[in-house]
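Participant: For the sequence shown, the working numbering assigns the number 3 to the initial residue and increments by one for each residue that follows. The C-beta atom is built at its ideal place from N, Cα and C for all residues, glycine as well. Questions regarding the structure given below will be posed in turn.
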Amino acid sequence: MLEMKKIFFIILIGINFSCFSVGESEDSDSVLNIDSKIESIVTKTPEPYPERNKEINLDVVFKDKVNLYLNLDIPKGFVLKELVVKKYEGDDKIAFFAIQKSSTYTAGDDISKMVAWGHFGPESGNVLFYSDNLEFKNKIPVKLSSGSYSIRFAQNNYKDAKYKLVGKLISASKSGLPDYGEAYSDHGY
3 MLEMKKIFFI ILIGINFSCF SVGESEDSDS VLNIDSKIES IVTKTPEPYP ERNKEINLDV
63 VFKDKVNLYL NLDIPKGFVL KELVVKKYEG DDKIAFFAIQ KSSTYTAGDD ISKMVAWGHF
123 GPESGNVLFY SDNLEFKNKI PVKLSSGSYS IRFAQNNYKD AKYKLVGKLI SASKSGLPDY
183 GEAYSDHGY
């Protein structure tokens with residue numbers, strides 16, 4: 003029993019000394035400091051990260067009209083970085099597209115209401131851009147943050163016209179853009 007008391011006493015002394023530290027002071031060679039700060043470490047609850055490399059697939063099939071309208075919903079926490087033409091079938095090798103920030107397309111032909119617009123064809127690649135005129139050479143890349151968008155596709159010779167576009171989504175936190183439903187170009191537009 004005496005041995006247990008000795009071990010307990012040694013442990014108690016060790017615990018007490020762990021609260022002290024020896025430091026130096028201007029007045030003496032060494033000083034015994036009592037560290038009385040108790041810091042609570044608060045860990046922020048981790049937020050779930052969106053899946054990486056998520057994609058949106060758009061299958062565009064014209065039936066009986068020159069204009070076709072689709073909705074595009076970009077999930078919260080994501081930015082649409084690219085919209086790439088993967089398949090293009092049709093007699094006309096050029097088509098028109100316009101994207102408006104709204105669940106209903108109301109822009110008509112007014113490009114000031116469009117966040118992205120231009121022409122594309124079978125070899126276009128990424129079509130997520132804003133074109134300041136009808137020529138292909140003046141394309142400004144655009145990224146769309148989360149929210150609801152509507153897309154208008156127009157094809158003069160629409161019979162049997164079909165496209166498949168794949169949208170590449172990236173995490174909004176990795177994009178460097180705020181996530182509040184806006185379009186951003188790489189040139190500040």
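Which runs of the beta strand (DSSP E), 3 residues or longer, sit entirely within the segment 111 to 141?
Facilitator: Within the segment 111 to 141, the complete beta strand (DSSP E) runs of at least 3 residues are 118 to 122 and 131 to 133.
Participant: Nearest CA to the CA of LYS89: which residue from LYS176, LYS164 and LYS115?
Facilitator: Taking the sequence shown and counting its residues from 1, the one referred to as residue 89 is at position 87. Considering only alpha carbons, the answer is LYS164.
Participant: Would you give the residue range spanned by the beta strand (DSSP E) that ASP61 belongs to?
Facilitator: For the purposes of this step, residue 61 is taken as the residue at position 59 of the sequence shown. Here the beta strand (DSSP E) through ASP61 covers 57 to 63.
Participant: Just to confirm, are ILE76 and SER148 a CB contact at a threshold of 7 Å?
Facilitator: Within the sequence shown, the letter at position 74 stands for residue 76. Within the sequence shown, the letter at position 146 stands for residue 148. Yes, they are a contact pair.
Participant: Let me check understanding here. Comparing Cα to Cα, which of LEU82, GLN102, PHE98 and LYS78 lies closest to VAL62?
Facilitator: Within the sequence shown, numbered from 1, the residue matching residue 62 stands at position 60. Looking at the Cα atoms, PHE98 is the closest of the given residues.
Participant: Once DSSP output is grouped into helix, strand and coil, what is the label at SER150?
Facilitator: Taking the sequence shown and counting its residues from 1, one reaches residue 150 at position 148. SER150: strand per DSSP, three-state reduction.
Participant: Would you check if the distance between the CB atom of VAL87 and the CB atom of ALA118 is smaller than 7 Å?
Facilitator: As a working note, residue 87 is residue 85 in the sequence shown. As a working note, residue 118 is residue 116 in the sequence shown. Contact: no.
Participant: Evaluate GLY92 with the Cβ neighbour count: other Cβ atoms within 10 Å of its Cβ, from every protein chain shown; 16 or more gives buried, anything less gives exposed.
Facilitator: The sequence position of residue 92 within the sequence shown is 90, counting from 1. By the neighbour-count rule (16 or more Cβ atoms within 10 Å), GLY92 is buried.
Participant: Would you grab the beta carbon distance between PRO124 and LYS95 for me? Rounded to a whole angstrom, and I think it's under 8 Å.
Facilitator: Within the sequence shown, residue 124 is the residue found at index 122, counting from 1. Within the sequence shown, residue 95 is the residue found at index 93, counting from 1. Indeed, because the Cβ distance is near 6 Å, the residues count as touching under 8 Å.
Participant: At a cut-off of 6 Å, is LEU60 close to the ligand PLP when judged by its beta-carbon and the heavy atoms of the ligand?
Facilitator: The ligand PLP is not among the ligands present in this structure, which contains no ligands whatsoever.
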